[in-house]
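Let me begin by presenting the structure, written as structure tokens, before commenting on it.
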Amino acid sequence: MKIIKANNFIDAEIGAIKEIVPNSLHEKYIVITPDRYSLNLEKNIFEILNVDSLFNVSVMGISRFAKKILSSLDETKENISSLGMLILVRLAITRVQSKLTCFKNINFGLCEEIKNTISQLKSAGIAYDSTFEVKSPSLKAKLDDIFLIYKEYETLLNGRLDAASLLDELELKLENVDFSNTTVMFVGFDSLTKQGTNILAKMSKLAKETVISVVEPFLQPNSYVYEHDLMQKITLLNEPMNILELSCSLENENRHILENLFAFKPATIESENVKIYSAPNIETEVIMLARKIKSLIAHGVRYKNINVAVNNLQTYAPFIERIFSLHNFSYYIDDSTNLINLFPIKFIFNILNLFLKNFKKEDLISYILSPLSEIENKDEKISEILKYDIDCNKKYVEENFANLKALINKFKNYKNYIEFIEDILKIYNFEEKLSFFAEKFKNNNQIKLEKTFLQIYEKIISVLETFKAFNVNENLADFIKILETAFSSQKISTVPASVDNIVISDATSGFFSKEDYMFVLGATDSLPNFISDCGVITDKDIDEIKIRAKIEPTVRMINRRNKFKMLSVFTAFNKKLIVSYPEVALDEKKNLPSSIIKDLRSMFTRFGEPLKVLTDDFIEAGQSLPAQAKFLAYLSIDGKELPANLENFNPIVKGTFLGLEPKIVVDDKISEPILSNRIRVTEIETYFSCPFKRFVTYNLKLKETLKPELTPADVGNFVHAYLEKIIFNLQDVDASKVLNELFKEERFYKFSIKRNRPNKEILIKEMENLTKFLLETQNISNFKPILCEKKVNLKISTKNNSYNLVGIIDRIDTYDKYFRIIDYKTGGKDLGGYPELYYGEKLQLFLYLKSAEKELNLIPCGVFYFKIKNNEKEQKLNGFYIDDFNVLRALDTTLSFDHPSSDIVKSLKIKTNKENRESGIIEYYSTGISSKLLENLTGYAENITVQALEELEQNAYQPKPTDSACNFCKYGAICKFSAKEPNRRREYKIDKKFFNGEEE
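Numbering (my numbering), first residue to last: 4 to 1003.
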């Protein structure tokens, strides 16, 4: 038995891999590793051995090794998967439920824990009829329940092989296989179960050679952190050992961290490659990360050279996805989506519950709302059900829902509920619809959702096939519980879209290859991630149980391993380690920094001082302004270094220093305008306002420092979020509840700051009044909202390139064959008129109209601004709309001779002269425009956008503002534009005659 020993996983793994003779005709290698690590190890083998292919090496987890060996021996016993085991455990619980005393209410989490406990017991060689002694009556009752479920599970298993039985079977049959020409390697383990140890012992006698990689400390201050379990178990085998101790290949900061992190008295070294940051909250922390990554990419770093380890990936993933997408980063988040949380699976359970609960009203409304039901006139159906209180009415369902009727007619003929679900999949064309949704996500550039939906159907079929292997004849209620358990356990993982990606993974459970840059986010006191000792069987229970076998792993062992895992995470970098934490959590509670941050500050110094904690603005906490200014002066000797280092300094110092106008050489990568093929509509409008303003906003991305005060943008974003949540449910909305939920969201943290509370109270009143107003206005208009926050992706082409024009449509309403677009405004801006469109300053809604027209296949009839004001006189739609009688009538159905002016659309009036009153004929004042003119306006907006793009392709970024562009511009000190210089626009007075073709 050959032991490759090192004080870190990287060296131990490399040492083991170097024992392999690649592509030898006389040597075979079976490399056994933890299941989740097999792909990483396989990749590393190819890289370290520097080969393109291998025919004599197999890499696999121990379960796959067992299956392969037993298959070669024509083993006839059926194997069951982890999912199969979970289904049988849930079925066992259902069948002994009445006899249980402790586990009366079983959810998925508890069922999974009981399954894991049974696996632990089996791996430790403890049978369901084993005897044990305990003093505690409550522990005895709990163990009685567990062993009762365990016994029923073994009955249902009926000779099949689960994961534990599979290894028992392997141990029995190993001697029947010839390993005389094979080297068996165990790589990447920090411990082995009793079964794993027994298999290792047998392989040491049967294989040509057995090689094991072991991580053990040398003489280093943090030796106590290491897990010694594996080496202890190997020693107890009493087999001859050839131990090869490898010296540590890590150097500098990496080696220092490996040997000193978590030490009681760590050594200290000087370093400029380890940084620590704090941020006010998670969102700002991710923004900081994005800013640093953007700087690295601008200076030639590849995405694949950046790793991001996150404490609690589930919390951080939404922030990372949103912020990284804004920057167009190429990234891969190594997480998985729980199948049961996806709407296609919820739809299946919705139908099952309809049949279980006799078509209850709530379930029927959920069914109608689902995208998979394909019900037309959803609002009308729901209104009808609510108006007439249609509840548990099977006849109504049969008369109004053809697909449900088909299922009702066949329901009694099903032999089991699996057949019922298979019919649901057929009747609702699941496979085809899921492909349709995947394609839709692909077109919207939602790659993760696309890849997820491409896998859903296959996962559903896999679950159903697993069920078919067992005799599940429970009633519908119990079947649904078992099926929920099965789907809850299934996760969908995606693979990277390309090889050049930032890899983002969980700090505790993820695997990281060593790259140039390692960012660690969320380094609060919950890192290392310790689990609580509150499982089905706790460590305290294990200590009390008097039984011959040893139950592993204990919570103590798991927590020790999680702590040790941090050594691998914090040494996975070649150039720099950047660690950060948010000062406030999502629940607004204050975070404490991780003990790791305290250790790093003790282990590393900068200019002889312990590492400083940098803030969101990259200011070193406690560093004086004179000290920063002095260092800036030093840097100015070599101007080339200045742009790369400016971000580290206080804005006051930086501004003062730049005011002296030293000689600065700006990096070409920053100074050269970059025209992305993904352009925001607002970017085009900004360009027409002033090309230089567009350049500094969208290329240099200069921004004001985040301040605690509320800005108009903060209020606008909140209002948009609120309206998105309520607009489809105005009748029943609880405004206070929705507002409180939004205020708790991380992105709206400013509203919780004390100085902003008065504005918050004002906003609450405005939103409550607005909700009432919207409900009233929606009742008097035939136009109803169908889409909110609709993403725009309009393709625009110049002579040389093609671009995607992107943006967000606040709201789309439809009536009959028409649709209109509404844009909410919280500020003082209005839609503008023909001059603003002509000069390119108000293109947004017309371009949005063009995009929506292509997608909806309806007739565009208007674009409107809707000002959010606590003033009913100002709360009116204002915009361009066609003068079609049906459209005008639908805009406001309440207009009459006694009420001639609209309360909801500005300038919409009917004629009230004597002739009209006597005849009863309603005529509108001509405030609308023709359909042809609206078409011309959208066409002009598209053409002038092409003109802007062609100018930008020629690097147009000189200051040429419009009349008003300089009034409130934040960049005046930079561009030095003189108000006396001639402006290039506003030379003509423009009206609709130009767009009608009446004027040149």
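Glycine residues also receive a C-beta, built at the ideal position from the N, C-alpha and C atoms.
Within the model, the alpha-carbon separation for E383 versus L713 is close to 41 Å. Each of N860, S492, F695 was checked against the Cα of E954, and the nearest Cα belongs to F695. Looking at the backbone, the Cα of N762 and that of I756 are separated by about 11 Å. Of the other Cβ atoms in all chains shown, 16 or more fall within 10 Å of the Cβ of M606; this residue is therefore buried. Contact between I825 and D813 holds, since their C-beta atoms are separated by about 6 Å, short of 8 Å.
Take the alpha-carbon of K154 and the one of R93: they are about 13 Å apart. N796: member of the beta strand (DSSP E) spanning 787–800, first to last residue. Rounded to whole angstroms, the separation of the alpha carbons of L570 and L222 is 16 Å.
Rounded to whole angstroms, the gap between the alpha carbons of L898 and Y868 is 21 Å. In the DSSP assignment, P585 forms a beta bridge with A282. In this structure, K364 is the residue among P556, K364, N785 with its C-alpha nearest to the C-alpha of D392. Excluding five sequence positions before and after P838, the CB atoms of its chain that fall closer than 6 Å to its own CB belong to I993, given in chain order. Look at the beta carbons and you see the segment 460–468 touching the segment 486–496: at least three pairs across the two are nearer than 8 Å. The segment 419–429 makes no contact with the segment 385–405; the number of CB pairs closer than 8 Å stays below 3. Contact between the segment 609–620 and the segment 561–568 is absent: fewer than 3 CB-CB pairs across the two stretches fall below 8 Å. When the five nearest sequence neighbours on each side are left out, the beta carbons in the same chain lying within less than 8 Å of the beta carbon of K820 are those of L861, I862, in order along the chain.
Counting of Cβ neighbours within 10 angstroms places F900 among the exposed residues, the total staying below 16.
Per DSSP, reduced to three states, the secondary structure at C969 is coil, with no helix or strand assignment.
With contacts defined as CB atoms closer than 8 Å, A312 and S508 qualify as a contacting pair. For M188, the enclosing beta strand (DSSP E) stretches over residues 185–189.
Sequence-distant partners of D895 (beyond 5 residues in either direction) whose C-beta falls short of 8 Å from its own C-beta, in its chain, are I783, S784, S905, D906, I907, V908, L911.
When rounded, the separation of the alpha-carbon atoms in K484 and C791 is 35 Å. The continuous alpha helix (DSSP H) containing E262 extends over residues 255–263.
About 20 Å separates the beta carbon of L233 from that of F265, a gap too long to meet the 8 Å contact definition. The closest CA to that of G162, considering only I83, S333, D544, is found on I83. Between the alpha carbons of A944 and P962 lies a distance of about 23 Å. Nearest C-alpha to N743 among L766, I730, L733, N732: L766. With three or more CB-CB distances shorter than 8 Å, the segment 34–42 counts as touching the segment 177–190. Nearest in C-alpha terms to K740, of all of Q950, K879, S438, T774, is T774. Residue burial is scored here from C-beta neighbours: M244 has fewer than 16 other C-beta atoms within 10 angstroms and is therefore classed as exposed.
The Cβ atoms of T120 and V539 sit closer than 8 Å to each other. When secondary structure is reduced to three states using DSSP, K154 falls in the helix class. In its chain, beyond the 5 residues on either side, I296, Y306, K307, I309, N310, V311, F327, F332, S333, Y334, Y335 have a beta carbon closer than 8 Å to the beta carbon of I505.
Within the same chain, and ignoring the five residues on either side of D38 in sequence, the residues whose Cβ sits closer than 6 Å to its Cβ are G64. Contact fails between the segment 371–386 and the segment 449–457, because fewer than three Cβ pairs, one in each stretch, are under 8 Å apart. For the options T700, K870, I7, Y818, the alpha carbon positioned closest to that of Y974 is the one of T700.
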